[in-house]
Amino acid sequence: MSVTSVMIVGVGGQGTLLASRLLGNAMLSKGLDVKVSEVHGMSQRGGSVVTYVRYGDEVHSPVIEKGEADYILAFEQLEAARWLPFLKKGGKLVVNTQCIDPMPVITGAASYPEDLVEKLQESGVDVTAIDALPLAEEAGSSKAVNVVLMGVLARYMDVDKDHWIETIKTTVPPKFIDMNLAAFELGYKM
């Protein structure tokens, strides 16, 4: 098996780290070599957060260079656009349609770019765009957006759905298992 490279990108507080832990644990439990690298930036202040997850028979480095990502899972539109150069030709972009204003927009120094998802699609990238927030709320909490998005991404990966469910059960705290299973299922069915 060749190495598969996944970037999970978003804004601090969106749950990118749990998503990367779920992905890493799912692949580890399949007996694959997994490397994870987290770059936090100003995550506690709403800044950009990116996690690299690489898995395969033998992975030497967690770092993903430009043009190498097989998948990018973006929790926010602007982050999808920011990290798009890392997606390889023929790669898959899964993006939440949520918009979170960065500091320059909040202060009035800039405006949020319009029609980002449409621009991504027009660029020839294979894009699946989803508004994950209503699904997360249906599952029980707006904080479950990350697991809804993992459910969407899981459809494109060569991992059995039951394996993902077992990974959620062993990764998230017991009191949040049911909510996360519901969130995953809603994303998976999209």
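Residue numbers (my numbering): 4 to 193. All C-beta atoms in this analysis are idealised placements derived from N, C-alpha and C, irrespective of residue type, glycine included. What you are looking at is a predicted structure, and each value in this text was computed from that prediction instead of being measured.
Per DSSP, residue i forms a beta bridge with which residues?
{"i": "Thr170", "result": "According to DSSP, Thr170 bridges with nothing at all."}
{"i": "Asp118", "result": "According to DSSP, Asp118 bridges with nothing at all."}
{"i": "Ile67", "result": "None; Ile67 has no bridge partner."}
{"i": "Ile11", "result": "Thr54 and Leu76"}
{"i": "Glu141", "result": "Answer is none; Glu141 lacks a bridge partner."}
{"i": "Gly59", "result": "Asp36"}
{"i": "Glu41", "result": "Thr54"}
Between which two residues does the beta strand (DSSP E) harbouring residue i extend?
{"i": "Asp134", "result": "Asp134 -> no beta strand (DSSP E), and no H or E assigned at all."}
{"i": "Val97", "result": "Leu90 to Asn99"}
Where does the unbroken alpha helix (DSSP H) through residue i begin, and where does it stop?
{"i": "Ile180", "result": "Ile180 to Lys192"}
{"i": "Thr19", "result": "Thr19 to Leu31"}
{"i": "Leu156", "result": "Val148 to Ala157"}
{"i": "Ile75", "result": "No alpha helix (DSSP H) holds Ile75; the beta strand (DSSP E) holding it covers Ala72 to Ala77."}
{"i": "Ile109", "result": "Met106 to Ile109"}
{"i": "Ala113", "result": "First-last for Ala113: undefined, no H or E at that position."}
Distance check for residue j and residue i, CA to CA, integer angstroms please.
{"i": "Glu68", "j": "Tyr55", "result": "10 Å"}
{"i": "Met193", "j": "Glu121", "result": "19 Å"}
{"i": "Val108", "j": "Gly34", "result": "44 Å"}
{"i": "Leu31", "j": "Ser64", "result": "16 Å"}
{"i": "Ser23", "j": "Val37", "result": "11 Å"}
{"i": "Ser46", "j": "Pro105", "result": "Because Ser46 sits at a pLDDT of 49, beneath the cut-off of 50, its placement in the model cannot be relied upon, and the following sentence gives the value as read from the coordinates. In a straight line, the C-alpha of Ser46 is about 12 Å away from that of Pro105."}
{"i": "Met182", "j": "Tyr74", "result": "25 Å"}
{"i": "Ser195", "j": "Val66", "result": "Only positions 4 to 193 of the chain appear in this structure, which leaves residue 195 out of reach."}
{"i": "Ile168", "j": "Val98", "result": "22 Å"}
{"i": "Gly70", "j": "Gly111", "result": "33 Å"}
{"i": "Thr100", "j": "Ser8", "result": "23 Å"}
{"i": "Ala132", "j": "Asp161", "result": "20 Å"}
{"i": "Leu87", "j": "Val175", "result": "29 Å"}
{"i": "Gly143", "j": "Pro137", "result": "10 Å"}
{"i": "Tyr191", "j": "Lys164", "result": "9 Å"}
{"i": "Ser126", "j": "Gly59", "result": "29 Å"}
{"i": "Ala77", "j": "Ile11", "result": "6 Å"}
{"i": "Thr170", "j": "Leu123", "result": "31 Å"}
{"i": "Leu119", "j": "His166", "result": "34 Å"}
Nearest to residue i by CA position, among the options, is which residue?
{"i": "Gly13", "options": "Asp36, His63, Gly27 and Ala83", "result": "Ala83"}
{"i": "Ala157", "options": "Gln124, Ala186, Ile103 and Lys178", "result": "Ala186"}
{"i": "Arg57", "options": "Leu81, Leu25, Glu79 and Gly50", "result": "Leu25"}
{"i": "Val155", "options": "Glu125, Thr173 and Leu189", "result": "Leu189"}
- Message: Taking contact to mean 3 or more Cβ pairs, one atom from each stretch, closer than 8 Å, check whether the segment 139-152 and the segment 16-26 are in contact.
- Response: yes
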